[in-house]
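Participant: Below you will find the structure I want to go over with you.
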Amino acid sequence: MDFDLTPEEEAFRSDVRTFLDENLPPEGERDAMFPLRWSTLVREKGWVGFSWPKEVGGGGGTLMEQAILKEELANRRAPALGSCIMGLAWVGPALIQYGTQEQKDRFIGDILDSKYQWCTGYSEPDIGSDLASLQCKGERQGDDYVVNGQKIWTSLAQWAKWMILLVRTDNATEKKHDGITCLLVEMDSPGITVSPIANMSKQPFFAEVFFDNVKVPVENLLGKEGQGWQITIGALANERSGISEIAGLLWELDLLKKLVKESRVGGKPAREDTRIRRKVAEFETRIAAMKYNGQRYLTKQIRGEPVGSETSVNKLHTAHLEKYMSEFALELQGSYGCLAPGSKAALERGRWQKEALGWCTAVIGGGTPNIQRNIIAERILGLPHD
Amino acid sequence: MNFGFTAEQDIFRSEVRKFLDNNAPLEEVRRIMESDEGYSPKLWQEMAQMGWLGLLIPEEHGGVDLGWVDLTVLLEECGRTLFPSPLLASTVAAIALMENGSAAQQARWLPSIAAGEAIFSVALVEANDRLSEQGVELLGEKSQQGAELRGEKLFVPDATAATHFVVSFRTGDGPEGVRLAVVEAGASGLTIEDLPGLDTTKRIGRVRFDGVSVDADCILDGSPGWAAVARLLDHAAAAVTAEAIGASEGAHALMVEYAKQRVQFGSLIGRFQGVKHPLADMYVDIESFKSLLYYAAWCLDKNPEEAPRHVSMAKALASDAFTRIGIDGIELHGALGYTWEYDAQLYLKRSKWVKAAFGGSDHHYERVAALGGL
Ligand SMILES: Cc1cc2nc3c(=O)[nH]c(=O)nc-3n(C[C@H](O)[C@H](O)[C@H](O)COP(=O)(O)OP(=O)(O)OC[C@H]3O[C@@H](n4cnc5c(N)ncnc54)[C@H](O)[C@@H]3O)c2cc1C
Numbered sequence: 025m026d027f028d029l030t031p032e033e034e035a036f037r038s039d040v041r042t043f044l045d046e047n048l049p050p051e052g053e054r055d056a057m058f059p060l061r062w063s064t065l066v067r068e069k070g071w072v073g074f075s076w077p078k079e080v081g082g083g084g085g086t087l088m089e090q091a092i093l094k095e096e097l098a099n100r101r102a103p104a105l106g107s108c109i110m111g112l113a114w115v116g117p118a119l120i121q122y123g124t125q126e127q128k129d130r131f132i133g134d135i136l137d138s139k140y141q142w143c144t145g146y147s148e149p150d151i152g153s154d155l156a157s158l159q160c161k162g163e164r165q166g167d168d169y170v171v172n173g174q175k176i177w178t179s180l181a182q183w184a185k186w187m188i189l190l191v192r193t194d195n196a197t198e199k200k201h202d203g204i205t206c207l208l209v210e211m212d213s214p215g216i217t218v219s220p221i222a223n224m225s226k227q228p229f230f231a232e233v234f235f236d237n238v239k240v241p242v243e244n245l246l247g248k249e250g251q252g253w254q255i256t257i258g259a260l261a262n263e264r265s266g267i268s269e270i271a272g273l274l275w276e277l278d279l280l281k282k283l284v285k286e287s288r289v290g291g292k293p294a295r296e297d298t299r300i301r302r303k304v305a306e307f308e309t310r311i312a313a314m315k316y317n318g319q320r321y322l323t324k325q326i327r328g329e330p331v332g333s334e335t336s337v338n339k340l341h342t343a344h345l346e347k348y349m350s351e352f353a354l355e356l357q358g359s360y361g362c363l364a365p366g367s368k369a370a371l372e373r374g375r376w377q378k379e380a381l382g383w384c385t386a387v388i389g390g391g392t393p394n395i396q397r398n399i400i401a402e403r404i405l406g407l408p409h410d
Numbered sequence: 063m064n065f066g067f068t069a070e071q072d073i074f075r076s077e078v079r080k081f082l083d084n085n086a087p088l089e090e091v092r093r094i095m096e097s098d099e100g101y102s103p104k105l106w107q108e109m110a111q112m113g114w115l116g117l118l119i120p121e122e123h124g125g126v127d128l129g130w131v132d133l134t135v136l137l138e139e140c141g142r143t144l145f146p147s148p149l150l151a152s153t154v155a156a157i158a159l160m161e162n163g164s165a166a167q168q169a170r171w172l173p174s175i176a177a178g179e180a181i182f183s184v185a186l187v188e189a190n191d192r193l194s195e196q197g198v199e200l201l202g203e204k205s206q207q208g209a210e211l212r213g214e215k216l217f218v219p220d221a222t223a224a225t226h227f228v229v230s231f232r233t234g235d236g237p238e239g240v241r242l243a244v245v246e247a248g249a250s251g252l253t254i255e256d257l258p259g260l261d262t263t264k265r266i267g268r269v270r271f272d273g274v275s276v277d278a279d280c281i282l283d284g285s286p287g288w289a290a291v292a293r294l295l296d297h298a299a300a301a302v303t304a305e306a307i308g309a310s311e312g313a314h315a316l317m318v319e320y321a322k323q324r325v326q327f328g329s330l331i332g333r334f335q336g337v338k339h340p341l342a343d344m345y346v347d348i349e350s351f352k353s354l355l356y357y358a359a360w361c362l363d364k365n366p367e368e369a370p371r372h373v374s375m376a377k378a379l380a381s382d383a384f385t386r387i388g389i390d391g392i393e394l395h396g397a398l399g400y401t402w403e404y405d406a407q408l409y410l411k412r413s414k415w416v417k418a419a420f421g422g423s424d425h426h427y428e429r430v431a432a433l434g435g436l
């Protein structure tokens with residue numbers, strides 16, 4: 025065990041710091057032109073797609089360098105590296121691993137330049153956690169796949185130019201997983217209808233997507249027919265160590281401590297209340313545990329050992345923290361806790377209220393806590409499937 | 063950065079495990095825990111020969127000069143089989159000498175610890191049960207030879223097995239008034255009493271000092287008051303937590319195995335989410351306090367400033383998690399879990415000791431809050 029960085033890693037970290045000192049103003053001092061400047065700069069610096077191979081235009085960085093970079097960025101509340109959210113998170117990695125040369129040439133540069141958005145068509149009205157049972161149909165007809173069916177909860181669908189889509193091409197496979205195929209679909213193809221859904225904050229960030237005889241040229245098949253499940257698991261597995269997530273949670277924790285110091289409970293300073301002190305310490309301990317779990321898993325990855333279901337451990341911690349840190353903040357606020365973000369008397373402009381209505385992406389989006397528990401129980405502990 | 067064990071450490075782990083599997087399976091543990099001594103003097107000598115008793119002790123004093131991370135491996139494996147021995151007490155006492163003893167004091171005692179000739183324990187906690195400077199009430203009055211001790215220490219691990227104690231006492235007010243000294247078990251005015259505990263694999267004692275005379279050369283020269291004791295308490299809490307990793311994993315493995323065998327309502331009980339989800343949550347808890355403890359262990363050697371916070375986080379999480387594992391471990395086995403014969407009860411009882419020893423979750427979370435700026 026050794027938590028010191030190698031001289032090369034130290035040099036990398038100081039290079040990152042110097043760059044940030046020169047190019048990233050503190051939050052609150054960033055002008056209207058900053059986002060554009062930032063996206064050009066980090067693209068030129070090779071930080072977008074940092075761990076992707078150099079041949080496809082990525083940064084060719086190591087896992088350890090990536091962890092260092094993410095930590096430094098998160099510590100300074102830097103904006104994301106590139107705005108093509110899903111393209112950078114999993115479409116790109118899937119293309120790098122499974123795409124044809126033509127597909128790589130066609131899409132990866134645009135993803136790195138964040139030219140447009142990608143969306144993800146996995147969930148269906150009747151298919152959520154049990155994704156492998158998906159029913160949306162893809163039928164090979166000549167040089168096309170013809171798609172019929174529906175997707176739902178598709179984030180960014182109304183703005184995206186492309187979708188990574190899972191369809192069932194074979195109903196007769198022994199394992200349902202083997203009949204799934206991954207297609208890349210242009211969102212303005214004839215036959216696609218997008219119908220936005222408002223979330224509980226009344227924001228239409230996800231949508232229903234209907235497919236009526238949508239023709240997808242065979243050249244937009246990703247991997248082989250029937251390989252869709254494997255591609256999905258591989259692509260979703262791409263984001264592993266959760267280093268940037270931890271820096272974000274530590275930031276929240278600092279704000280929470282600030283709130284504790286400013287709050288009074290029953291007329292007495294909240295910071296003197298042993299129950300409140302313990303609660304904050306529990307959050308802090310959980311975040312630290314995530315950090316060191318993440319580093320253990322990162323070490324395994326660097327050593328070339330498989331890291332799979334262990335990541336469900338930190339997903340469960342994230343779910344807990346996302347739900348209960350903001351809830352605890354509302355509790356500290358007492359009666360003020362129930363005010364809407366826009367209310368005049370709302371504390372801190374209602375930032376905790378926004379959080380208290382905003383945790384669903386992290387908790388439900390990538391597999392619910394119950395599903396994470398199933399993964400641990402079945403794949404790590406070897407207990408029977410339910 | 064490299065957050066994993068070395069190949070040597072992996073080999074060490076499998077050697078320790080092999081030794082314990084051969085010599086201390088749970089049937090043997092049961093026999094040892096009911097013996098008068100509460101440990102096996104024969105195995106103790108073998109542990110000395112293998113270097114376990116001098117793991118952290120420098121080679122010049124007969125030890126093998128390894129680090130806290132290696133110690134973690136050893137304690138984890140001892141915890142896994144609930145192995146009853148004064149190893150934890152003796153190791154913490156050795157650390158006390160290494161951190162606070164003069165060269166002469168180290169040369170005088172460390173070789174006998176490493177060789178298994180002397181068994182040292184630490185007497186740091188009193189009836190007031192406070193793990194703060196105010197908790198040290200035992201009085202050391204200045205005398206011609208050195209000091210004369212009056213008072214009482216409680217919750218002394220392996221007190222009846224010990225030949226020597228590292229004891230904290232007070233010569234004056236405030237944190238600076240605290241000192242550490244080595245006292246022999248046979249000293250006149252000293253009474254040692256065994257206090258039966260819930261966990262009989264762990265012996266707990268009371269040590270009374272009725273005017274025990276301590277020579278000046280037995281007072282640890284380099285001990286800078288309370289800070290030295292606070293550091294020792296960190297080492298002790300970390301050692302308890304390291305054992306708790308193995309013990310929790312042992313308890314958890316017992317449950318997982320049972321969930322894969324027991325059939326009710328025509329189904330393996332491990333298929334019911336009311337059974338499997340708590341088992342998954344326990345896995346999450348164990349993984350998490352394990353990561354925290356590994357980092358804390360590294361800090362104890364390499365980054366002492368960060369050690370207190372991380373030891374406290376690990377011990378707090380471990381105390382609560384193992385408590386739950388102990389309780390659920392009984393429930394999951396149904397009536398079988400309630401029997402003397404079945405081993406689940408041994409883990410439950412160990413969890414009661416882990417929770418209490420050197421600070422429970424309230425104490426350690428409070429420390430995390432204070433060190434975190436609240
Ligand atoms: C903000 C947000 C954005 C999203 N974006 C996208 C997107 O871009 N593309 C996309 O395809 N999907 C997206 N989703 C959908 C998301 O992937 C699904 O919501 C998720 O997989 C759960 O499926 P479900 O909603 O159908 O719930 P269900 O699977 O019906 O689950 C309902 C409840 O039953 C529980 N449950 C289900 N199965 C089990 C079981 N075996 N054991 C125990 N409990 C069980 C679940 O834990 C849950 O509490 C998004 C969701 C959210 C909230």
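Sequence lines, in order, name chains A and B. Counting with this note's numbering, you get residues 25 to 410 for the letters of the first sequence. Counting with this note's numbering, you get residues 63 to 436 for the letters of the second sequence. Every residue gets a Cβ at the ideal spot worked out from N, C-alpha and C, and that includes glycine.
1) Would you give the residue range spanned by the alpha helix (DSSP H) that B:Val302 belongs to?
2) Please report how far the alpha carbon of B:Gly239 lies from the alpha carbon of A:Phe307, in whole angstroms.
3) Taking the C-alpha atoms as reference points, what is the distance between A:Asn172 and A:Trp142?
4) May I ask whether a heavy atom of ligand 1 can be found less than 7 Å away from the beta carbon of A:Lys175?
5) Around the C-beta of B:Asp83, are 16 or more other C-beta atoms found within 10 angstroms, so that it is buried, or is it exposed?
6) Give me the subset of the stretch 416 to 428 of chain B whose CB atoms are less than 9 Å from a CB atom of chain A, sorted by chain position.
7) Considering only the alpha carbon of each residue, which of B:Ile348, B:Arg268, B:Met160 and B:Tyr320 lies closest to B:Leu117?
8) Beta-carbon of B:Lys411 versus every beta-carbon of chain A: anything under 8 Å?
9) For a contact meaning CB atoms closer than 7 Å, what does A:Met88 contact in chain E?
10) Among B:Ile73, B:Gly248 and B:Ile266, whose alpha-carbon lies nearest the alpha-carbon of B:Lys414?
11) Any heavy atom of ligand 1 inside 7 Å of the beta-carbon of A:Gly152?
12) Which term fits B:Tyr345, buried or exposed, when burial requires 16 or more other beta carbons within 10 angstroms of its beta carbon?
13) Check whether the Cβ of B:Ala342 lies closer than 8 Å to any Cβ atom in chain A.
14) Which chain B residues sit within Cβ distance under 7 Å of A:Val289?
15) So, under 8 Å CB-CB, B:Gly202 and B:Arg232 are touching, yes? Tell me the CB distance rounded to an integer number of Å.
16) Who are B:Arg64's beta bridge partners in DSSP?
17) So with Cβ pairs under 8 Å, would you call A:Val284 a contact of chain B?
18) Determine whether the beta carbon atoms of B:Thr225 and B:Ala247 lie at a separation below 8 Å.
19) Answer yes if the stretch 345 to 363 of chain A comes into contact with the stretch 376 to 386 of chain A, meaning at least three C-beta pairs across the two stretches below 8 Å, and no otherwise.
20) So if DSSP puts A:Pro220 in a beta bridge, which residue, or which two residues, is it bridged to?
21) In whole angstroms, give me the CA-to-CA distance for A:Ala91 and B:Phe420.
22) Using a Cβ distance threshold of 8 Å, determine whether the stretch 269 to 278 of chain A contacts the stretch 305 to 325 of chain A, with at least three qualifying pairs required.
23) Please report the straight-line C-alpha distance between A:Ser359 and A:Ala370, rounded to a whole angstrom.
24) Could you tell me the alpha carbon to alpha carbon distance between A:Phe235 and A:Tyr169, rounded to whole angstroms?
25) Tell me the rounded alpha-carbon separation between B:Ala151 and B:Gly178.
26) Of the residues B:Ala383, B:His297 and B:Leu257, which one's Cα is nearest the Cα of B:Asp98?
27) Anyone know if the C-beta pair for A:Val72 and A:Ile120 falls short of 8 Å?
28) Buried or exposed: which applies to A:Met57, given that a residue is buried once 16 or more other Cβ atoms fall within 10 Å of its Cβ?
29) Roughly how many angstroms lie between the CA atoms of B:Trp114 and A:Ile400, to the nearest whole one?
30) Please list, in chain order, all residues of the same chain as A:Gly116 whose beta carbon is under 7 Å from its beta carbon, the five residues on each side excluded.
31) For B:Glu403, count neighbouring C-beta atoms within 10 Å of its own C-beta (all shown protein chains included) and say buried if the count is 16 or more, exposed if not.
32) Does any residue of chain B have a CB that is nearer than 8 Å to the CB of A:Pro293?
33) Give a single yes or no on whether A:Gly145 has its beta carbon closer than 7 Å to a heavy atom of ligand 1.
34) When you measure from the CB of A:Phe230 to every non-hydrogen atom of ligand 1, does any distance come out below 7 Å?
35) Is A:Pro214 closer than 8 Å to A:Pro220 when the C-beta atoms are compared?
36) With a Cβ-Cβ cutoff of 8 Å, do A:Gly166 and A:Thr205 count as a contact?
Facilitator: For this structure:
1) Trp288 to Ala321
2) 36 Å
3) 20 Å
4) yes
5) exposed
6) Ser423, Asp424, His426, Tyr427 and Glu428
7) B:Met160
8) no
9) Considering every chain present, this structure includes no chain E. Its protein chains are A and B.
10) B:Ile266
11) yes
12) buried
13) yes
14) The contacting residues do not exist; A:Val289 stays about 14 Å from chain B at best.
15) 6 Å
16) Residue identity check: residue 64 of chain B is Asn in the sequence provided, not Arg. For B:Asn64, which the question treats as bridged, DSSP gives the partners A:Asp26.
17) yes
18) yes
19) yes
20) A:Ala231
21) 36 Å
22) yes
23) 10 Å
24) 12 Å
25) 13 Å
26) B:Leu257
27) no
28) exposed
29) 35 Å
30) Gly73, Trp76, Ile132 and Ile135
31) exposed
32) no
33) yes
34) yes
35) no
36) no
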